[in-house]
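Engineer:
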Amino acid sequence: MSTPTPHTTHGNARRTGAAVTGLLALALLGTLSPGPAHAAGDPLQRDADAVRGSGVTGVSVRVDSPRGARTVRSGVGDVRTGAPVPSDEYIRIGSTTKTYVATVVLQLVGEGRLSLEDSVDRWLPGVVHGNGNDGRRVTVRQLLQHTSGLPDYIADVLPDMSAAGYLKHRSTTYGSRQRVAFAMTHPPVFAPGARWEYSNTNYILAGMIIEAVTGRSWDKEVEERILRPLRLTRTYAPGDDPRLPRPHARNYQQFEAAETGDGSAPASPPGSLTDTTLAYLPFDGDADGSLISTAADTNRFFSALLGGRLLAPAQLAEMRRTVAVPDTPGEVPGSRYGLGLAWTPLSCGGGYWGHSGSGFGYLAWPATTADGRLSVTVAVHSRPADEATATRQIDAITALVDHAVCAQPHRQGGKGPGGRT
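Residue numbers (numbering that gives the first Met the number 0): 0 to 420.
1) Using the C-alpha atoms, what's the distance from V188 back to S374?
2) How would you label G371, buried or exposed, when you count the other beta carbons within 10 angstroms and need 16 or more for buried?
3) Going by beta carbon distance, what residues of the same chain come within less than 7 Å of R242, once the five residues before and after it are set aside?
4) Quick check on the DSSP output: the alpha helix (DSSP H) that includes Y99 runs from which residue to which?
5) For E110, does the count of other Cβ atoms within 10 angstroms reach 16, so buried, or fall short, so exposed?
6) Can you have a look at S175 and say buried or exposed, based on whether 16 or more other CB atoms are within 10 angstroms of its CB?
7) So is A36 buried or exposed if we call it buried at 16+ other beta carbons inside 10 Å?
8) Sorted by chain position, which residues of the same chain lie with C-beta nearer than 6 Å to A303's C-beta, five sequence neighbours on each side aside?
9) By the three-class DSSP mapping on this structure, what secondary structure does R227 have?
10) Within 10 angstroms of the Cβ of P281, are there 16 or more other Cβ atoms? Answer buried if so, exposed if not.
11) Quick test of your reading: T95 and L226, contact by CB under 8 Å. State the CB separation rounded to the nearest angstrom.
12) In chain order, which continuous runs of the alpha helix (DSSP H) of length 4 or greater are located wholly inside the segment 264–336?
13) Measuring straight from C-alpha to C-alpha, what distance separates Q407 and D133?
14) If you follow the alpha helix (DSSP H) that P344 is part of, which residue opens it and which one closes it?
15) Would the segment 207–215 count as touching the segment 97–117 if we require 3 or more Cβ pairs under 8 Å?
16) Quick one: residues in its chain with C-beta nearer than 6 Å to the C-beta of R178, no 5 flanking neighbours on either side, listed in chain order?
17) Could you have a look at A36 and say whether DSSP puts it in helix, strand or coil?
18) What did DSSP end up calling Y235 once you bin it into helix, strand or coil?
19) How about Y361 and N250: do their beta carbons lie closer than 7 Å?
20) So which of L338, P344 and L315 has the shortest CA-CA distance to S147?
21) Run through DSSP, which three-state label would G21 get?
22) Is the segment 74–81 in contact with the segment 49–59, if contact means three or more CB pairs nearer than 8 Å?
23) Could you pull the DSSP bridge partners for Q252 from this structure?
24) Using a threshold of 7 Å, state whether the C-beta atoms of L100 and A316 are closer than that.
25) Need the endpoints of the alpha helix (DSSP H) that W364 sits in, please.
26) Measure the CB-CB distance between S403 and V62 and report whether it falls below 7 Å.
27) Between G129 and the rest of its own chain, which residues show a CB-CB distance below 8 Å, the 5 nearest in sequence each way excluded?
28) Using only the alpha-carbon positions, how far apart do G16 and P83 sit?
29) Specify the secondary structure class of H185 as computed by DSSP and reduced to three states.
30) Since V119 and V108 should fall inside the 8 Å C-beta cutoff, what is the C-beta to C-beta distance between them, to a whole number of angstroms?
31) Could you tell me the alpha carbon to alpha carbon distance between A68 and S86, rounded to whole angstroms?
32) In this structure, how does DSSP classify V400 when only helix, strand and coil are distinguished?
33) Have a look at V50 and P365 and give me their C-alpha separation to the nearest angstrom.
34) Is it right to say D274 is buried, meaning 16 or more other beta carbons lie within 10 angstroms of its own, or is it exposed?
35) Go ahead and pull the three-state DSSP assignment for G131.
36) Going by DSSP, name the residue or residues bridged to G353.
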């Protein structure tokens, strides 16, 4: 699940750089992408080329299955040099971080140290209050499932959605309590439990609750409980370091859509692109979306999670209890959301689990079958300014994932999300 704006159902951001024209980017894409003959007999490559053809500068796809691992790429990793997207690149996974955080919370539930029905105020007294917000009425479950009704803080730390605003504010840092305080200046979106709406504030609070329960920060608990046991040596929380380690592709954000003359959205994004490879620290540094990883590590995490290696059966079942997500552009109709885990239906029946992450200049889309045997992660390295183009790009990504999963002879998409609420 994702949207064109940062940190939604999957989201994050990055650095400076001169603006480069989209026309240059598209020219480089045309010269360096695999040609039709290359992709004709290769459905995965053909679908990656289709994602690139939707207007992104570069894309990489990794599939891990019982047949082995495979990576395909399309487009470029640097529009100025024409260098390809690295096959083993580091990527920002943005709101995919939420699944790691939810896993730690559920581990604590399994250990009897925390209850999903605990109020936020039980662990963070007085933090959620003001303007009608009341931490005594919001539960841990509602935080993880985005049914709390708490307002999102993102707009408060994004005062200027422009290239100049990105460059001016990208190095500003905030603590978790400051981010929550921003959110508390707004009234609740709805009464706790009334419906579903994505809010990054929920996971800032979940990270704070992890620290209140354990005495250690959320990222230290993720490292100790998930990264080390699974040997995910290329996944980490960077804190306030805005850089991506090498190898990596560069990320590009189009902040303003190109004019078409008739008021309609352009057919392609030829407007200027800003290099956003450095993090936008106001929303890239906390439990809602700060992790850096690789496609290989991301696939390994979701495979272990869905395969039952990180949670006891009771807690994994709770994670997979879902509520309906409203059908919106860029979402596959019928998608659902559990506790930090999204379910997307497949055209061939059943569905897959994952949690996408997006931000300035990038989008990561992981997908794993219900048994954890097949995992796919798609990473794209530019984001458009207009919703129509963003929706078209996400449609191309979800089509790729659908084809990759449905093509597997031993896939297990699952009979549907378990234990719907």
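No residue lacks a Cβ here, since even glycine has one placed at the ideal position from N, Cα and C.
Structural biologist: Inspection of the coordinates gives the following:
1) 35 Å
2) buried
3) L277
4) T96 to G109
5) exposed
6) buried
7) With a pLDDT of 40 at A36, under the threshold of 50, the modelled position of that residue is not reliable, and the figure given next carries that caveat. It is exposed - the Cβ of A36 has fewer than 16 other Cβ atoms within 10 Å.
8) L229 and L309
9) helix
10) buried
11) Actually they are not in contact, since the Cβ atoms of T95 and L226 sit about 14 Å apart, beyond 8 Å.
12) 280–283, 294–305 and 312–318
13) 47 Å
14) Run containing P344: none in the alpha helix (DSSP H); it sits in the beta strand (DSSP E), A341 to P344.
15) yes
16) Y152 and I203
17) Confidence in A36 is poor, its pLDDT being 40 and thus under 50, which makes the residue's placement unreliable; the coordinate value appears in the next sentence. Residue state, collapsed to three classes: helix.
18) strand
19) yes
20) L338
21) With a pLDDT of only 33 at G21, under 50, the local geometry of the prediction cannot be trusted, and no value is derived from it.
22) yes
23) T273 and R382
24) One detail in the question is off: residue 100 reads as Val in this sequence, not Leu. Contact flag unset, no.
25) Element bounds for W364: not the alpha helix (DSSP H) but the beta strand (DSSP E), Y361 to T367.
26) Checking the sequence shown, residue 403 turns out to be Ala, not Ser. Closer than 7 Å, so yes.
27) M183 and T184
28) At G16, the pLDDT of 28 sits below 50, so the modelled position is not reliable; the number obtained from the coordinates is stated separately. Their backbone Cα atoms lie some 19 Å apart in a straight line.
29) coil
30) Not a contact, Cβ separation roughly 15 Å.
31) 12 Å
32) helix
33) 15 Å
34) buried
35) coil
36) A341
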